[in-house]
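In the working numbering, the protein residues as written are 20 to 203.
Ideal Cβ placement from N, Cα and C applies to all residues, glycine included.
To keep things clear, I will list the structure first and then write my remarks on it.
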């Protein structure tokens, strides 16, 4: 599955690997059991699987997306869930993929879930996803850098993003020497 995504959108493949690296580190920093850490890593590796339903032109578009294009992109968690929901994993992979863009205040997508209605694992992947996306080059903008990414999650802590996941993420970068591999 990862190779299918990589062939259509090389950015997404590298992004998913870096998100998996960071989300796993956040989960370990939070003291989650190894089995949960592994589930978070696996879900992170395919969290954007639903993007295979998008036209390649949208994935690599250098400019701003139209409203219709953005709505199509917002459907990728649901599309990923539909692909994964009947596959028997030892972890709640399909649910994590479905919820990784949900935000604590209900402003996320696709289901505008709030607070504890969002799985802890999805909240961790969501923080890692935002940090990696901001720190890396995107087709439509240059990398904003890790400092801007940490500022974003810090300002949204407890509003958009899980406070414990944010604290763990910031600690990894500021006092544990964590670095995203090949971001940029």
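Please classify residue i: does DSSP put it in a helix, a strand, or coil?
i          : result
residue 70 : helix
residue 90 : helix
Report back the beta-carbon spacing between residue i and residue j to the nearest angstrom; my notes put them in contact at under 8 Å.
i           : j           : result
residue 59  : residue 144 : 6 Å
residue 158 : residue 79  : 5 Å
residue 73  : residue 91  : 6 Å
residue 178 : residue 103 : Residue 178 to residue 103, Cβ: 29 Å. No contact.
Only counting the same chain, and skipping five residues up and downstream in sequence, which positions put a Cβ closer than 7 Å to that of residue i?
i           : result
residue 119 : 66, 96, 141, 144, 145, 148
residue 47  : 56
residue 151 : 34, 37, 38, 41, 199, 202
residue 193 : none
Out of curiosity, what's the CA-to-CA distance linking residue i and residue j?
i           : j           : result
residue 113 : residue 63  : 11 Å
residue 88  : residue 77  : 7 Å
residue 181 : residue 137 : 10 Å
residue 185 : residue 100 : 25 Å
residue 5   : residue 93  : Nothing can be reported for residue 5, as the shown portion of the chain is limited to 20 through 203.
residue 117 : residue 195 : 30 Å
residue 39  : residue 175 : 21 Å
residue 168 : residue 51  : 24 Å
residue 260 : residue 83  : With the chain running from 20 to 203 in the structure shown, residue 260 is simply not present.
residue 121 : residue 163 : 22 Å
residue 190 : residue 85  : 37 Å
Within the present structure, is the beta-carbon of residue i separated from the nearest heavy atom of the ligand GDP by less than 7 Å?
i          : result
residue 72 : Inclusion of the ligand GDP in the displayed structure is not the case, the ligand content being empty and no account of it being possible.
Take residue i as the anchor and find which of the options has the nearest alpha-carbon.
i           : options          : result
residue 108 : 193, 75, 57      : 57
residue 98  : 168, 82, 51, 115 : 115
residue 110 : 166, 83, 33, 61  : 61
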